[in-house]
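Here is the structure:
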């Protein structure tokens, strides 16, 4: 465990790890089809369900794995309190950008790697401008909107007042059932 | 033996499972959720430091998210390299200005596509920071951690995305 703590605190190790994590992530996103404009826009038009299949598979595997890692002390929960003002409004603004651009913050970088210049010139530069604008407005938004309408709980088990593993079992069954339904419907 | 690396695509279930494992690895090795929008704040802050270091250092947001080259920053160059390797190995890398689906409805003008993509990118960057994360940070890593806020955020990403995509392709596109 001391090696793990040392690795987390080493700046240079983290830079190399970040790059390697990104490379694997980009590779998997591209192989999974999620760096393609048509695939992402197709998901939002509900004609192509590749993005949802990819995301739900990641969550199905990760949810159990994370809980085991946390149980044995290898990982910490970073789940934080959310609000209507931050998560719902921000999420809807994000969604509008998602549809206009046809990529999300990770897949826009992946699309650049496959040669998409609209992702580079439009998407990445737009994101830099958008992030900068948010930094400008942050002091005002922070006190007025971002903290308004806090959610009643941090995690789903806390919200439902149920045992963590019971919630995981139900969510896993729901996600797997949904994917089976998609396949059954031929989507 | 390594033939799978040159395949054009993998089943989204396999690639997705890999992303699930990778997201957990990030939480173990970096003690951070695997997100992509923080890197854009850091990059924008670094550009700001070049233009006006004093002004940038004073801004509250860059005190919370420090503009520096670190784990979160390196994710984006990593993704570009990883996606390039994947598409190059399978022979699908190609330089394109206008995606095929866009072109089939809105024509081949690169200028129109870039203007709309830029507007989308601005909203995406602004919205991601407003919501405190993106499709991977909230949608995958947050959901993995059973975060209520992350699952609600991911639902809003898709609700807003589906509404605007339908408006774009099913209303404006057919005019």
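Residue numbers (the working numbering), protein chains in the order written: chain A, 5 to 191; chain B, 196 to 370. All C-beta atoms in this analysis are idealised placements derived from N, C-alpha and C, irrespective of residue type, glycine included. Predicted model only: the values in this text are computed from it and were never measured.
Kindly list the residues whose CB is nearer than 6 Å to the CB of residue i, restricted to its own chain and excluding five residues on each side of it in sequence; keep chain order.
{"i": "residue 197 of chain A", "result": "Limits of chain A in this structure are 5 at one end and 191 at the other, which puts residue 197 of chain A out of reach."}
{"i": "residue 236 of chain B", "result": "260"}
Can you list, in chain order, the residues of its chain with a C-beta nearer than 8 Å to that of residue i? Leave out the 5 residues immediately preceding and following it.
{"i": "residue 74 of chain A", "result": "80 and 81"}
{"i": "residue 190 of chain A", "result": "none"}
{"i": "residue 118 of chain A", "result": "34, 39 and 40"}
If residue i sits next to residue j, beta carbons under 8 Å apart, how far is it from one beta carbon to the other, in whole angstroms?
{"i": "residue 308 of chain B", "j": "residue 297 of chain B", "result": "6 Å"}
{"i": "residue 25 of chain A", "j": "residue 229 of chain B", "result": "7 Å"}
{"i": "residue 35 of chain A", "j": "residue 204 of chain B", "result": "6 Å"}
{"i": "residue 291 of chain B", "j": "residue 121 of chain A", "result": "7 Å"}
{"i": "residue 177 of chain A", "j": "residue 211 of chain B", "result": "Actually they are not in contact, since the Cβ atoms of residue 177 of chain A and residue 211 of chain B sit about 17 Å apart, beyond 8 Å."}
Compute every distance between the C-beta of residue i and the non-hydrogen atoms of the ligand ATP, then say whether any falls below 7 Å.
{"i": "residue 137 of chain A", "result": "Absence of the ligand ATP is noted for the structure shown, with no ligands found whatsoever."}
Quick one: list the residues of chain A neighbouring residue i, beta-carbon separation under 9 Å, in chain order.
{"i": "residue 269 of chain B", "result": "18, 19, 20, 21, 22, 23, 24, 25 and 26"}
Counting along the chain, where does the alpha helix (DSSP H) carrying residue i start and finish?
{"i": "residue 75 of chain A", "result": "54 to 75"}
{"i": "residue 111 of chain A", "result": "109 to 117"}
{"i": "residue 259 of chain B", "result": "255 to 259"}
{"i": "residue 351 of chain B", "result": "343 to 361"}
{"i": "residue 43 of chain A", "result": "41 to 48"}
{"i": "residue 292 of chain B", "result": "That residue, residue 292 of chain B, is in no alpha helix (DSSP H); it is neither H nor E in DSSP."}
{"i": "residue 265 of chain B", "result": "Careful: residue 265 of chain B lies outside any alpha helix (DSSP H) and carries neither H nor E."}
{"i": "residue 97 of chain A", "result": "93 to 105"}
{"i": "residue 332 of chain B", "result": "Here residue 332 of chain B belongs to no alpha helix (DSSP H), and DSSP marks it neither H nor E."}
{"i": "residue 163 of chain A", "result": "160 to 164"}
{"i": "residue 367 of chain B", "result": "Note, residue 367 of chain B: premise wrong, no alpha helix (DSSP H); not H, not E."}
Just to make sure I have the definition right: I need the residues of chain B whose C-beta is within less than 9 Å of the C-beta of residue i. Which are they?
{"i": "residue 167 of chain A", "result": "Those within 9 Å of residue 167 of chain A in chain B number zero; the least Cβ separation is about 12 Å."}
DSSP state of residue i, grouped into three classes?
{"i": "residue 312 of chain B", "result": "helix"}
{"i": "residue 206 of chain B", "result": "coil"}
{"i": "residue 374 of chain B", "result": "With chain B represented from 196 up to 370, any question about residue 374 of chain B goes unanswered, as that position is not in the structure."}
{"i": "residue 232 of chain B", "result": "helix"}
{"i": "residue 120 of chain A", "result": "strand"}
{"i": "residue 154 of chain A", "result": "strand"}
{"i": "residue 87 of chain A", "result": "strand"}
Counting only Cβ pairs nearer than 8 Å, list the residues of chain B close to residue i.
{"i": "residue 85 of chain A", "result": "344"}
At a CB-CB cut-off below 7 Å, which residues of chain B make contact with residue i?
{"i": "residue 12 of chain A", "result": "225 and 226"}
Show which residues of chain A have a CB atom less than 7 Å away from the CB atom of residue i.
{"i": "residue 306 of chain B", "result": "What residue 306 of chain B touches in chain A: nothing, since even the nearest Cβ is about 11 Å away."}
{"i": "residue 218 of chain B", "result": "62 and 66"}
Please work out which residues of its chain come closer than 7 Å, Cβ to Cβ, to residue i, disregarding the five sequence neighbours upstream and downstream, and give them in chain order.
{"i": "residue 33 of chain A", "result": "39, 110, 111 and 114"}
Residues of chain A with CB closer than 8 Å to the CB of residue i, please, in chain order.
{"i": "residue 317 of chain B", "result": "101, 130, 131, 133, 134 and 137"}
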